[in-house]
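J.:
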Amino acid sequence: MSAAATGPLIGWVGLGRMGAPMAAHIGKKVGAARLRAFDVSEDARRAFGDKFASSSVLVDNVRALRDCSIVFLSVPTSVEVAQVAAQLYDVEGAPELQVIEKTQNLDCGTSSTSPSSTSSSPTLSSSEFSPKDVRSDEAEDHQKLLVDCSSGDFESTQRIGAFLESQCGVNLVDCPVSGGPRGAEAGTLAAMIGASEQTVYERLDSLCSAFAQTNRVYLGVRGAGHAVKSINNGMNSAKLVMATEGVAALRSIGVSPATALDSINKSSGRSLQSMVRWPEEVLTGRYDYGFRYGLMHKDLRQCVSLFGKVSPSFASVLPYVEKVFAQAEEKSGGKISDDDYTRICQFVLDKATTIDQANAMAKGEVGSSSSSSDVKNENLEICRAEMSL
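At position 165 of the sequence shown (counting the first as 1) the number is 557 in this note's numbering, and the numbers step up by one without a gap.
1) Using three-state DSSP, classify M363 as helix, strand or coil.
2) Leaving out five residues before and five after I462 in sequence, what residues of the same chain have Cβ atoms less than 6 Å from its Cβ?
3) To the nearest angstrom, how far is it from the Cα of V451 to the Cα of R437?
4) What's the C-alpha gap between C600 and A412?
5) G686 lies in the alpha helix (DSSP H); which residues open and close that run?
6) Please tell me whether G626 and C541 are closer than 7 Å, where the distance is taken between their beta carbons.
7) Helix or strand or just coil, what does DSSP make of K536?
8) Using alpha carbons as the reference points, say which of A604, K631 and A630 lies closest to R574.
9) Excluding sequence positions up to five away, which residues of its chain have a Cβ less than 8 Å from the Cβ of A630?
10) Please name the residue or residues paired with I402 in a DSSP beta bridge.
11) Go ahead and label K658 buried or exposed: buried means 16 or more other beta carbons lie within 10 angstroms of its beta carbon, across all protein chains shown.
12) Quick check on T398: buried or exposed, where buried means 16 or more other Cβ atoms within 10 Å of its Cβ?
13) Quick check on DSSP: helix, strand or coil for D730?
14) Given a cut-off of 7 Å on the beta-carbon distance, is the pair C567 and V539 in contact?
15) Between the Cα of R551 and the Cα atoms of H534, V473 and G571, which residue gives the shortest distance?
16) For the 8 Å Cβ check, are there 3 or more pairs between the region 667-687 and the region 731-738?
17) Mapping the DSSP letters down to three states, classify R409 as helix, strand or coil.
18) Using DSSP bridges, identify the partner residues of R608.
19) DSSP beta-bridge partners for V569?
20) Nearest by alpha-carbon distance to P400: which of F717, S622, R595 and S655 is it?
21) Is it right to say N453 is buried, meaning 16 or more other beta carbons lie within 10 angstroms of its own, or is it exposed?
22) Once DSSP output is grouped into helix, strand and coil, what is the label at N624?
23) Identify whether V793 lies in helix, strand or coil by the three-state DSSP scheme.
24) Check whether the Cβ atoms of A429 and V449 lie closer than 7 Å to each other.
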């Protein structure tokens, strides 16, 4: 058996819509003999196991991963990262691991979707699930690594990392990813790696290439990966809200959404959101890109917090976008937090339609007998019908 097949064990926590395909790619690279995978959901574990010739890679608790030299985490936030670390390294109750975030309590071990979505992970036969192209110099005496692929918090990552290194001898590496479920399935994610040392990054690089084939950037500072990811997601959200506001404004003067996007997407104002998110998620009414609204809103808050340290008094775009997300969350009573983040478009469209209706009534263009909600729903159906043309 090759050195790679008998090398250090690799652990994985979190088998949701992102985690399952990422773990599958790691398993394909290092071989089943070296992979151990866990999720708090038995259904998620079973769905992941069904993708392999056997379920030998699965464990039923976090502590079963203590023999792993490297453990990857695909969990929602720094809260769950701290919870897993406490169990994994037997430091439960440590005040340094008491992370508090203004976000919903999300199950540790799952990503942004239900366990059933793990069926989208790459199907690997036993012959495929064998080691290949992995460095053989991963010695057993290396410092243990905890690789955080969550959408975490910069300051929490720095604090947790300092504690784990000083008290447990564990090096925490933040490695958030971008590219969504499709990128995870294809192994083409972008990885933003905030390892504190170049040598740690080099040790991880071949493993991370399993799910981020070409797009891996070493950022040089622990926590920097999470900082970059939050800024990236803030820019993502801003462009999505701007595209939606633009479509709503143009529709109010008689330009259909489909026509507006067709023109914009041939011009300098185009973006991934106008070219892909709107056509695939909003025009279709699908709203299922694969990233939870609550997580995106959390990243927006972190993004605003980071920017606030640079220029606390400057009235900028990102705080406004965060307020739009907050308004949608408040109006839904928090229910939107469990929806896909693209639902923000529906909120903006609904709000714009209500304003259009109020203006029309003020001009006497709409009979007062028509209720606002009825007209809003009718207008939205017309909007979606035009989008499908």
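The C-beta atom is built at its ideal place from N, Cα and C for all residues, glycine as well. Just so it is clear, the structure is predicted and the values come from calculations on it, not from any experiment.
T.: Taking the coordinates as given:
1) Nothing about residue 363 can be read from this structure; the chain reaches only from 393 to 781.
2) For I462, where only same-chain residues beyond five positions count, the Cβ hits under 6 Å are I402 and L537.
3) A direct Cα-Cα distance of roughly 8 Å separates V451 from R437.
4) Straight-line measurement puts the Cα of A412 at about 14 Å from the Cα of C600.
5) For G686, the uninterrupted alpha helix (DSSP H) segment begins and ends at Y685 to V702.
6) Their beta carbons are not under 7 Å apart, which means G626 does not touch C541 by this criterion.
7) If DSSP states are grouped into helix, strand and coil, K536 belongs with the strands.
8) Taking only the C-alpha atoms, the option nearest R574 is A604.
9) The residues are V709, L710 and V713.
10) DSSP, once it has assigned bridges, lists L427 and I462 as partnering I402.
11) Looking at its Cβ environment, which holds fewer than 16 other Cβ atoms inside 10 Å, K658 is exposed.
12) Flag for T398 reads exposed.
13) Residue state, collapsed to three classes: helix.
14) Yes, the pair counts as a contact, with Cβ atoms nearer than the cut-off.
15) Across the set H534, V473 and G571, the C-alpha of V473 shows the shortest separation from the C-alpha of R551.
16) Short answer: they touch.
17) Coil, per DSSP.
18) Note: R608 sits in a beta bridge opposite A583.
19) The partner list for V569 (beta bridge, DSSP) reads A583.
20) That would be R595, whose Cα lies nearest to the Cα of P400.
21) Its Cβ having fewer than 16 others within 10 Å, N453 is exposed.
22) In the displayed model, N624 falls within a helix according to three-state DSSP.
23) Outside the displayed range of the chain (393 to 781) lies residue 793, so it cannot be described from this structure.
24) Against a cut-off of 7 Å, the Cβ pair of V449 and A429 comes out as a contact.
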